[in-house]
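Read through the structure below, which is laid out as structure tokens, and then see the notes.
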Amino acid sequence: MNALGAYSNKAWPTTLSLGLVTIALAGCAHPFVAANFDSTYAPRVHAFAIAPIANLSTEPEGAHAGQAIREAIYYELSEHRDRYTTTIQDIAQSDLLIHRAGLTDSAAAALPAPELCRILGVDAVMRGSVTKFKKHGAAGQIVTAALFGFAKGSDVKADVAIYDGGDGQLIYQHNIEKAGGLFSSPDALRNDVGKTVAKNFPYKKKG
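Heads up: the sequence shown runs through residues 0 to 206, numbered per numbering that gives the first Met the number 0.
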């Protein structure tokens with residue numbers, strides 16, 4: 000499979016099979032949307048991308064949580080791209096452009112939104128961070144979970160936000176929090192996180 004096909008809809012469950020499915024995320028709070036979104040920001044966004052999600056937790060596994068969140072959101076948005084007023088850039092394409100620019104995922108996640116949008120060739124970008132990842136169970140259980148999808152769960156806090164590429168303003172924010180629990184499959188992760196964020200994605204066609 001080439002780089003640009005790595006995150007196709009059919010390939011998505013395979014990319015999550017090595018442990019990402021055991022991350023539990025839910026309990027999303029009501030999202031923030033800028034008051035002037037419809038009049039100012041929506042009309043000027045024709046291309047949109049999802050950047051790598053930074054791991055700001057104290058656990059290395061938080062990076063896997065971020066990757067899982069990003070893939071789940073992309074999957075749902077791309078599945079229903081005809082509902083939106085903006086195109087959704089394939090995250091494999093986003094990654095290719097980031098790496099061509101000589102940036103690591105973490106460096107890209109820290110860039111100002113206008114600079115990141117310029118690199119990606121889009122008008123707005125979703126960025127995010129995992130701020131808490133607390134493992135449950137012994138280290139051996141975590142390894143087993145990563146390989147086979149069995150775990151007692153993890154406490155996760157994360158946020159995703161959309162920034163306009165023109166003025167860098169925050170125009171949308173969604174917080175995700177879950178204590179404990181288990182995702183037994185990529186479908187469960189997609190349903191719990193991806194569908195929730197996609198449901199509130201602000202670039203929707205009217206009517």
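Backbone N, C-alpha and C define an ideal beta-carbon position, used for all residues, glycine too.
Cut-off 6 angstroms between Cβ atoms - residues of its own chain near residue i, not counting five sequence neighbours on either side
| i | result |
| --- | --- |
| residue 58 | 132 |
| residue 46 | 86, 121 and 122 |
| residue 64 | 22, 129, 132 and 155 |
| residue 33 | 170 |
| residue 84 | 202 and 204 |
Residues of its chain near residue i, where Cβ-Cβ distance is below 8 angstroms and the 5 sequence neighbours each way are ignored
| i | result |
| --- | --- |
| residue 159 | 52, 68, 72, 125, 126, 127, 172, 173, 175 and 196 |
| residue 117 | 164 |
| residue 41 | 84, 201 and 202 |
First and last residue of the uninterrupted beta strand (DSSP E) at residue i
| i | result |
| --- | --- |
| residue 123 | 123-134 |
Cut-off 7 angstroms between Cβ atoms - residues of its own chain near residue i, not counting five sequence neighbours on either side
| i | result |
| --- | --- |
| residue 61 | 54, 129 and 132 |
| residue 107 | 50, 51, 97 and 115 |
| residue 169 | 160 and 162 |
| residue 82 | 203 and 204 |
| residue 88 | 46, 47, 48, 119 and 121 |
| residue 30 | 171, 172, 173 and 199 |
Host alpha helix (DSSP H) of residue i (start-end)
| i | result |
| --- | --- |
| residue 49 | Counting along the chain, residue 49 falls outside any alpha helix (DSSP H), though it belongs to the beta strand (DSSP E) covering 46-49. |
| residue 168 | Note, residue 168: premise wrong, no alpha helix (DSSP H); not H, not E. |
| residue 62 | 61-78 |
| residue 115 | 112-119 |
| residue 192 | Here residue 192 belongs to no alpha helix (DSSP H), and DSSP marks it neither H nor E. |
| residue 104 | 104-109 |
Exposure label - residue i; buried when at least 16 CB within 10 Å
| i | result |
| --- | --- |
| residue 273 | The requested residue 273 is not part of the displayed model; the chain covers only 0 to 206. |
| residue 191 | buried |
| residue 157 | buried |
| residue 104 | buried |
| residue 193 | buried |
| residue 198 | exposed |
| residue 56 | buried |
| residue 206 | exposed |
| residue 94 | buried |
One or two residues paired with residue i in a DSSP bridge
| i | result |
| --- | --- |
| residue 86 | 46 |
| residue 176 | 156 |
| residue 54 | 129 |
| residue 162 | 124 and 169 |
| residue 31 | 172 |
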